[in-house]
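Presented below is the structure to which this report refers.
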Amino acid sequence: MNKPLRIAVAGLGTVGGGVASVLLTRGKELEERAGRTLDLVGVSARDKSKNRAANVSKIAWENDACALAKSDADVIVELIGGEEGIAYDLVKSALLAKKHVVTANKALLAYHGAELAALAEENNVALKFEAAAAGGIPIVKALRESLIAYGIDSVRGILNGTCNYILTQMEATGQSFADVLKDAQKLGYAEADPTLDVGGGDTAHKLAVLSALAFGVTPNLKSMKIEGIEHITPDDIRFAREFGYRIKLLGLARKRGDHIDQRVQPAMVKLATPLADVEGPFNAVVANAGEAGPFFFEGRGAGEAPTAGAVIADLVDIARGSFGAPFGRPAKRLTRNDTQPGPRSCAFYLRFEVLDVPGVLAEIAGRLSESEVSIESMIQRGRAPGEPVAIVMITHESVETSVASALKAIAASAKVVAKPCMIPMESR
Ligand SMILES: NC(=O)c1ccc[n+]([C@@H]2O[C@H](COP(=O)([O-])OP(=O)(O)OC[C@H]3O[C@@H](n4cnc5c(N)ncnc54)[C@H](OP(=O)(O)O)[C@@H]3O)[C@@H](O)[C@H]2O)c1
7 MNKPLRIAVA GLGTVGGGVA SVLLTRGKEL EERAGRTLDL VGVSARDKSK
57 NRAANVSKIA WENDACALAK SDADVIVELI GGEEGIAYDL VKSALLAKKH
107 VVTANKALLA YHGAELAALA EENNVALKFE AAAAGGIPIV KALRESLIAY
157 GIDSVRGILN GTCNYILTQM EATGQSFADV LKDAQKLGYA EADPTLDVGG
207 GDTAHKLAVL SALAFGVTPN LKSMKIEGIE HITPDDIRFA REFGYRIKLL
257 GLARKRGDHI DQRVQPAMVK LATPLADVEG PFNAVVANAG EAGPFFFEGR
307 GAGEAPTAGA VIADLVDIAR GSFGAPFGRP AKRLTRNDTQ PGPRSCAFYL
357 RFEVLDVPGV LAEIAGRLSE SEVSIESMIQ RGRAPGEPVA IVMITHESVE
407 TSVASALKAI AASAKVVAKP CMIPMESR
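So for the sequence shown, my numbering puts the first residue at 7; every next one is plus one.
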């Protein structure tokens with residue numbers, strides 16, 4: 007009989023509470039799968055008196071999570087969160103103490119992934135993080151193991167359930183971003199401080215992890231262009247539909263010569279394609295894997311059950327002795343990817359809010375033409391007398407920097423009342 011795997015869980019919130027609950031209630035099933043028992047031997051959180059999803063009253067409690075790294079546990083599960091402080095200190099000291107680590111902390115990996123992976127390899131222990139990108143979707147294992155025979159050309163995904171929920175609700179109700187966000191906060195789909203989600207930062211953390219796995223680059227947020235969804239209006243959502251598209255916040259990483267172009271931005275996705283149909287808080291990832299063609303993954307990106315399930319899958323792998331380099335290649339071989347993405351060439355959706363006065367359309371068309379941006383289609387929508395008019399255009403394939411410089415000139419016109427909006431059209 008193999009000896010039990012001794013597990014300590016730091017953080018007993020949404021994910022940690024779920025993990026403790028599965029370990030305490032589904033032991034027999036897990037033992038069959040893992041070939042040994044998975045024993046919960048220690049826990050830590052801030053407040054011992056809080057009610058938890060799991061009854062941990064008989065499990066050794068540590069007020070200081072870092073003390074778990076000195077305990078006799080074989081694996082430390084870090085489910086506290088945050089890129090610095092206690093989470094970083096705990097993971098680092100656990101790896102140095104030759105303990106396996108499982109984490110769901112994408113922020114930690116985006117900032118310190120390469121350093122922690124090197125530490126895990128030097129100490130011959132696992133650093134596993136299936137739950138850190140797209141929650142319950144097994145995309146980490148797919149990129150690290152299942153798809154390695156193919157060169158990955160690009161990874162694109164809807165990686166933040168809060169943003170996808172807000173965009174879906176804006177389309178369903180016609181409400182503004184601010185109103186839908188307020189409702190989402192009441193329903194628990196958005197944090198009290200939603201900046202990291204709606205500003206694209208959380209998607210960037212996950213994209214950094216996926217890029218490292220797919221392309222062997224060091225996770226690096228500085229090489230990403232990051233834009234959120236705060237400026238998307240109900241008009242944009244309605245016009246997108248009229249043109250046959252839906253707006254999604256995408257994380258995109260693709261090969262461009264010897265560089266990996268990484269960006270987070272709202273994009274127009276064609277209706278009736280798999281990504282366009284991903285609704286509400288769901289996540290999805292498309293991995294384009296050379297001749298093997300695209301692979302599409304969809305599922306729940308957050309919540310207790312899917313995220314705890316991903317952590318448990320990592321623990322079972324460790325129990326079976328199945329782990330390798332955290333990013334699928336030796337950490338020393340990860341390459342730096344310091345360059346910001348170059349300008350994209352694609353069609354763009356443009357929206358202008360203008361005064362209803364003669365000559366305004368000619369002025370916009372003139373500025374675009376000066377920058378060699380040509381228009382494929384256009385909609386002009388009148389509003390109540392005296393209110394600004396929305397002019398919306400789809401360009402032919404154009405260079406991003408040319409469109410941006412035309413928009414800068416147009417924004418300076420006295421006839422234009424708001425900053426023009428520019429959203430790339432995804433071709434597939
Ligand atoms: N929630 C999701 O669906 C989801 C999905 C994917 C990834 N993740 C990641 O999973 C991690 C945990 O997220 P979560 O949603 O479970 O967070 P959460 O519900 O806020 O739980 C955080 C836990 O950490 C504990 N904690 C905070 N500071 C601590 C400290 N100094 N020492 C010990 N424990 C401390 C808290 O203790 P108290 O309970 O006593 O306050 C709480 O139990 C994060 O990295 C997050 O990004 C979450």
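Virtual Cβ for every residue (Gly too), placed ideally from N, Cα, C. Just so you know, these numbers come straight off a predicted model, no measurement behind them.
Take G141 as the anchor and find which of A132, V161, L165 and L153 has the nearest alpha-carbon.
As a first step, residue 141 must be located in the sequence shown, where it is residue number 135. Ranking the options by Cα distance to G141, first place goes to L165.
Endpoints, beta strand (DSSP E) assigned at C427
Here residue 427 refers to the residue found at position 421 when the sequence shown is read from its first residue. Note, C427: beta strand (DSSP E), C427 to P430.
T209 - containing alpha helix (DSSP H), residue span:
The count along the sequence shown starts at 1 and reaches residue 209 at position 203. Here the alpha helix (DSSP H) through T209 covers G207 to F221.
Cβ-Cβ distance between F303 and K134 below 8 Å:
As a position in the sequence shown, residue 303 is number 297, starting the count at 1. As a position in the sequence shown, residue 134 is number 128, starting the count at 1. Not in contact: F303 and K134 (Cβ atoms no closer than 8 Å).
Just how far apart, CA to CA, sit V107 and T31?
The residue you call residue 107 lines up with position 101 of the sequence shown. The residue you call residue 31 lines up with position 25 of the sequence shown. Cα to Cα, V107 sits roughly 22 Å from T31.
Just checking my contact of V223 with N343 at CB under 8 Å: how many whole Å lie between their CB atoms?
Taking the sequence shown and counting its residues from 1, one reaches residue 223 at position 217. Taking the sequence shown and counting its residues from 1, one reaches residue 343 at position 337. Going by Cβ atoms, the distance from V223 to N343 rounds to 4 Å, so yes, they are a contact pair.
Would you say F245 and V398 are within 8 Å of each other, going by their C-beta atoms?
The residue you call residue 245 lines up with position 239 of the sequence shown. The residue you call residue 398 lines up with position 392 of the sequence shown. Yes, Cβ-Cβ distance for F245 and V398 is below 8 Å.
Kindly indicate which residue of F358, R269 and D159 has the alpha-carbon position closest to the one of A424.
Locating residue 424 in the sequence shown gives position 418, where the first residue counts as 1. Nearest option by C-alpha distance: F358.
Kindly provide the ranges of any beta strand (DSSP E) runs that are 3 or more residues long and lie completely inside the region 302-367, ordered along the chain.
354-360
Local conformation of P200 per DSSP, three classes
By one-based count along the sequence shown, residue 200 stands at place 194. In the three-state scheme derived from DSSP, where H, G and I count as helix and E and B as strand, P200 is classed as coil.
Would you say the beta carbon of S50 is closer than 7 Å to some non-hydrogen atom of ligand 1?
Counting from 1 along the sequence shown, the entry for residue 50 is found at position 44. Answer for S50: yes, Cβ within range of ligand 1.
Output needed for V21: all residues of its chain with C-beta closer than 8 Å, excluding positions within five of it in sequence on either side, in chain order.
Reading the sequence shown from its first residue, position 15 is the one you call residue 21. Counting only Cβ-Cβ distances below 8 Å, and skipping sequence neighbours, we find L85, A110, A137, E310, T313, A314 and V317.
Which residue's Cα is closest to the Cα of P426: R373, E382 and C72?
Taking the sequence shown and counting its residues from 1, one reaches residue 426 at position 420. P426 has its Cα closest to that of R373, out of R373, E382 and C72.
Sorry if obvious, but does the Cβ on K147 come closer than 7 Å to a heavy atom of ligand 1?
Numbered from 1 along the sequence shown, position 141 holds the residue referred to as residue 147. No, since every heavy atom of ligand 1 falls outside the 7 Å radius drawn around the Cβ of K147.
Counting only runs of 4+ residues fully inside the region 159-203, write out the alpha helix (DSSP H) ranges in chain order.
Assignment of alpha helix (DSSP H) within the region 159-203, counting only whole runs of 4 or more residues, yields 167-179 and 183-193 in chain order.
Expressed to the nearest angstrom, what Euclidean distance is found between the alpha-carbon atoms of D208 and L202?
Here residue 208 refers to the residue found at position 202 of the sequence shown. Here residue 202 refers to the residue found at position 196 of the sequence shown. For D208 and L202, the distance between alpha carbons rounds to 5 Å.
Relative to the alpha-carbon of L216, which residue among G24, K192, L11 and L256 has its alpha-carbon at the smallest distance?
Within the sequence shown, numbered from 1, the residue matching residue 216 stands at position 210. Comparing Cα positions, the closest option is L256.
On the premise that G388 lies in contact with I143, defined as a C-beta separation below 8 Å, what is that separation, rounded to the nearest angstrom?
Taking the first residue of the sequence shown as 1, we reach residue 143 at position 137. Taking the first residue of the sequence shown as 1, we reach residue 388 at position 382. Contact between I143 and G388 fails: their C-beta atoms lie close to 44 Å from each other, not under 8 Å.
So L149 and A371 are in contact, right, with Cβ under 8 Å, and what is the actual spacing, rounded?
Position 143 of the sequence shown, counting from 1, holds the residue named residue 149. Position 365 of the sequence shown, counting from 1, holds the residue named residue 371. Contact doesn't hold; Cβ gap of about 45 Å is too wide.
Please name the residue or residues paired with K231 in a DSSP beta bridge.
Mapped onto the sequence shown, residue 231 falls at position 225. According to DSSP, K231 bridges with R269.
Out of A415, L187, A198 and F288, which has the shortest C-alpha to C-alpha gap to T239?
As a working mapping, residue 239 is identified with position 233 in the sequence shown. The shortest C-alpha separation from T239 is found at L187.
Identify the continuous beta strand (DSSP E) that holds K261 and give its terminal residues.
For this step, residue 261 is matched to residue 255 along the sequence shown. Counting along the chain, the beta strand (DSSP E) containing K261 begins and ends at Y251 to R262.
Looking at ligand 1, does it come within less than 7 Å of I13, judged from the CB to the closest heavy atom?
Along the sequence shown, read from residue 1 onward, the residue named residue 13 stands at position 7. Every heavy atom of ligand 1 is 7 Å or more from the Cβ of I13, so no.
Using 8 Å as the threshold, is the C-beta distance between L173 and K254 below it?
Stepping through the sequence shown from its first residue, residue 173 is reached at position 167. Stepping through the sequence shown from its first residue, residue 254 is reached at position 248. Contact: yes.
Residue from G87, E233 and G334 with nearest C-alpha to V146
Sequence index remark: in the sequence shown, residue 146 carries index 140 (1-based). Among G87, E233 and G334, the Cα nearest to that of V146 belongs to G334.
Among A103, G87 and C169, which has the Cα closest to the Cα of G286?
Here the question's residue 286 lines up with position 280 in the sequence shown. The option with the nearest alpha carbon to G286 is C169.
Between the Cα of G194 and those of G167, Q268, M176 and E393, spot the shortest distance and give me the residue it belongs to.
Position 188 of the sequence shown, counted from the first residue, corresponds to residue 194. Checked all of G167, Q268, M176 and E393; the closest Cα to G194 is G167.
In this structure, what does DSSP give as the bridge partners for I397?
To locate residue 397, count along the sequence shown from 1; it is residue 391. The secondary-structure analysis by DSSP pairs I397 across a beta bridge with F358 and Q386.
Output needed for A319: all residues of its chain with C-beta closer than 8 Å, excluding positions within five of it in sequence on either side, in chain order.
On the sequence shown, residue 319 is found 313 positions in, with the first residue counted as 1. Cβ neighbours of A319 beyond the five flanking positions: E136, P144 and K147.
Under the rule that 16 or more other beta-carbon atoms within 10 Å means buried, what is M176, buried or exposed?
Sequence index remark: in the sequence shown, residue 176 carries index 170 (1-based). Buried, because 16 or more other Cβ atoms sit within 10 Å of the Cβ of M176.
Cβ of L18 versus every heavy atom of ligand 1: is any distance shorter than 7 Å?
The sequence position of residue 18 within the sequence shown is 12, counting from 1. The answer is yes for L18.
For the alpha helix (DSSP H) that contains L122, what are its first and last residues?
Your numbering for residue 122 matches position 116 in the sequence shown. First-last of the alpha helix (DSSP H) with L122: K112 to E128.
Decide if P225 is buried, meaning its Cβ has at least 16 other Cβ atoms within 10 Å, or exposed.
Position 219 of the sequence shown, counted from the start, is the residue given in the question as residue 225. It is buried - the Cβ of P225 has at least 16 other Cβ atoms within 10 Å.
Hey, would you say I13 sits closer than 8 Å to V97, going by beta carbons?
Position 7 of the sequence shown holds residue 13. Position 91 of the sequence shown holds residue 97. No, the Cβ-Cβ distance between I13 and V97 is not below 8 Å.
Quick one: Cα of T345 to Cα of H265, how far?
Numbered from 1 along the sequence shown, position 339 holds the residue referred to as residue 345. Numbered from 1 along the sequence shown, position 259 holds the residue referred to as residue 265. Answer to the nearest angstrom: the Cα atoms are 8 Å apart.
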